[in-house]
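Here is the structure we will look at.
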Amino acid sequence: MRGITMQNYYQSLGIYPDDTSNKSEKQLRSAAGSGDIESIRDLGIRLMIEGQRWLKEAAEQGDLIAMEAYGQLLIAMGQKKQGKKWIKIVANKVDKTKCTEQMRKLGEVLLRIGLKEQGWEWLEEAADLGDIGTMKYLGEQFIHQGNTRRGKKWLEKAIGLGDIEAMKMLGRHCIQIDDRNLPSEKGLEWLRMAAQLGDIEAMKILGKYLFTGSAVKVVRFEKEGKRWLRKAAELGDVEAMKTLGENLVIGGAVKKDAVEGKKWLVKVAERGDIDARENLGEYLINGIFLKKDIEEGKKWLLKAAEDGSEVAKRELALRLFFVEEDKDGEGRKWLEKAAETGEILSMGLLGNELLEAGEKEAGMKWLKEAYRRITAGFFPFGRRYGQYLLFEKEGYKDHELMSARINAENGKMALKRDAHLGDIESMRILGQVYMEQGDEEEGNKWARLAELFEKIKFIVEEDKKSKK
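Using this note's numbering, read the sequence shown as starting at 1325 and increasing by one per residue.
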């Protein structure tokens, strides 16, 4: 075959790249990397000439993608007759009744190398021949580009052939985009259809949207959502178990059912999920959201801490070292591990312990670092929000599902967030709240921590003054 070369093509434009042969590719790359414009140009030309040679060789050996790309390249250089010849060979070689997968791959490659028009042609031809994978690919691509009408058309064609994955794809897009072509109500219908056909993922997605109202344009139907989530959970979907468990334990937007919620969280934790282990341990050991059970809480915290959870290390340190005063065994071990993660309360506790043991230099190091973190632009949002939930319950008078108990639990969690950032006032309030609720152990813990951090604050500030 006679065809124009890339070198001839550039010469026809008045560019003579022959002199680039005087430099090695390595030299050209080095000069181009330094910003030399001629080297950048010459390197580009050389690589295109070299690329054309390899592309031609692959085409001559029968590679369909190379044939198509080489043909399109020749057309771009003005050699329409030679280019169309290669493209015609490709069209004749592709058995359109059997090779839809090959056509799809060819289309995808052409899109990647910038020959978009030709790529879309191959893809749509494969889709027209009934290739469901290509229909879904086209649907996704068009929707991502903002052409929701065209994307919807291809996904609906795949659905018409019974493809459940296309139902889920279109359902999610309708809910997330919610435009004239993709209304959210229709998205729920597609997800329901997939769920009714037994698809576990569809059950989970549909359940989450309906149960929690997590999609902005989706009206919450708690009972139906709970039913789909429970079905997916019973079929072994871990994410459905977690969503169901957490929401039932915490309550708030949904009706609280701590017994069923804990059951699902335990199932997830038993499967090794670190978040479920961490949350179960924290809830149980502090008596927040779940009935207080220190031994069971310690069991789950230990598992989570061994998996690397910083929250679990912190909670174990506070419990074992500070409350149970296990200062030589497990308590000390987890205190040190928690302090090493940068957890402020553990750093303060460890620093104070070392100071009292006569290790002034090491103790002050931890105390100063804890103090630095406390004062590094801290804003007590959790304290304010926690106080609101605990002491201004009338603010929730229009929220029928938010009981005073749920407010109190969420209020304590909000206060804890700031207490763990070293906010002394949050520690004091937590101490008072637990005392009022009859949990003297937790109340004393937070009251003592507030006193300790007042002491730490004084020690560090006095140390600063003495060095001025």
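Note that the Cβ used here is the ideal one computed from N, Cα and C, for glycine as well.
Residue nearest to residue i in terms of C-alpha spacing, selected from the options
{"i": "residue 1478", "options": "1468, 1456, 1495 and 1549", "result": "1456"}
{"i": "residue 1611", "options": "1685, 1357, 1771 and 1754", "result": "1754"}
{"i": "residue 1453", "options": "1518, 1425, 1467 and 1466", "result": "1425"}
{"i": "residue 1485", "options": "1468, 1458, 1472 and 1500", "result": "1458"}
{"i": "residue 1785", "options": "1773, 1740, 1438 and 1694", "result": "1694"}
{"i": "residue 1385", "options": "1405, 1413 and 1365", "result": "1413"}
{"i": "residue 1505", "options": "1570, 1535, 1470 and 1518", "result": "1470"}
{"i": "residue 1348", "options": "1366, 1509 and 1359", "result": "1366"}
{"i": "residue 1576", "options": "1769, 1787, 1405 and 1535", "result": "1535"}
{"i": "residue 1738", "options": "1703, 1466 and 1691", "result": "1703"}
{"i": "residue 1740", "options": "1758, 1650 and 1706", "result": "1706"}
{"i": "residue 1438", "options": "1579, 1685, 1394 and 1760", "result": "1394"}
{"i": "residue 1308", "options": "1631, 1736, 1547 and 1756", "result": "The requested residue 1308 is not part of the displayed model; the chain covers only 1325 to 1792."}
Beta-carbon gap between residue i and residue j smaller than 8 Å
{"i": "residue 1447", "j": "residue 1428", "result": "yes"}
{"i": "residue 1588", "j": "residue 1604", "result": "no"}
{"i": "residue 1643", "j": "residue 1598", "result": "no"}
{"i": "residue 1492", "j": "residue 1525", "result": "yes"}
{"i": "residue 1363", "j": "residue 1371", "result": "no"}
{"i": "residue 1565", "j": "residue 1591", "result": "yes"}
{"i": "residue 1277", "j": "residue 1431", "result": "Nothing about residue 1277 can be read from this structure; the chain reaches only from 1325 to 1792."}
{"i": "residue 1678", "j": "residue 1666", "result": "no"}
{"i": "residue 1434", "j": "residue 1392", "result": "yes"}
{"i": "residue 1672", "j": "residue 1776", "result": "yes"}
{"i": "residue 1582", "j": "residue 1572", "result": "yes"}
{"i": "residue 1561", "j": "residue 1528", "result": "yes"}
{"i": "residue 1638", "j": "residue 1744", "result": "yes"}
{"i": "residue 1462", "j": "residue 1488", "result": "no"}
{"i": "residue 1773", "j": "residue 1669", "result": "yes"}
{"i": "residue 1628", "j": "residue 1641", "result": "no"}
{"i": "residue 1691", "j": "residue 1783", "result": "yes"}
{"i": "residue 1655", "j": "residue 1648", "result": "yes"}
{"i": "residue 1537", "j": "residue 1514", "result": "no"}
{"i": "residue 1490", "j": "residue 1510", "result": "no"}
Local Cβ density within 10 Å of residue i, reported as buried at 16 or more and exposed below that
{"i": "residue 1750", "result": "buried"}
{"i": "residue 1523", "result": "buried"}
{"i": "residue 1633", "result": "buried"}
{"i": "residue 1752", "result": "buried"}
{"i": "residue 1601", "result": "buried"}
{"i": "residue 1404", "result": "exposed"}
{"i": "residue 1747", "result": "buried"}
{"i": "residue 1552", "result": "buried"}
{"i": "residue 1359", "result": "exposed"}
{"i": "residue 1508", "result": "buried"}
{"i": "residue 1567", "result": "buried"}
{"i": "residue 1378", "result": "exposed"}
{"i": "residue 1674", "result": "buried"}
{"i": "residue 1361", "result": "exposed"}
Three-state class that DSSP yields for residue i in the structure shown
{"i": "residue 1506", "result": "coil"}
{"i": "residue 1744", "result": "coil"}
{"i": "residue 1578", "result": "coil"}
{"i": "residue 1616", "result": "coil"}
{"i": "residue 1545", "result": "coil"}
{"i": "residue 1536", "result": "helix"}
{"i": "residue 1707", "result": "helix"}
{"i": "residue 1649", "result": "coil"}
{"i": "residue 1793", "result": "Residue 1793 falls outside the range modelled here, since the chain spans only 1325 to 1792, and no answer is possible."}
{"i": "residue 1663", "result": "helix"}
{"i": "residue 1407", "result": "helix"}
{"i": "residue 1626", "result": "helix"}
{"i": "residue 1472", "result": "helix"}
{"i": "residue 1438", "result": "coil"}
{"i": "residue 1699", "result": "coil"}
{"i": "residue 1348", "result": "coil"}
{"i": "residue 1670", "result": "helix"}
{"i": "residue 1401", "result": "coil"}
{"i": "residue 1683", "result": "coil"}
{"i": "residue 1477", "result": "helix"}
{"i": "residue 1719", "result": "Note that residue 1719 scores 45 on pLDDT, short of 50, meaning its location in the model is unreliable and no value can be drawn from it."}
{"i": "residue 1595", "result": "coil"}
{"i": "residue 1642", "result": "helix"}
{"i": "residue 1791", "result": "coil"}
{"i": "residue 1354", "result": "helix"}
{"i": "residue 1395", "result": "helix"}
{"i": "residue 1756", "result": "helix"}
{"i": "residue 1776", "result": "helix"}
{"i": "residue 1452", "result": "helix"}
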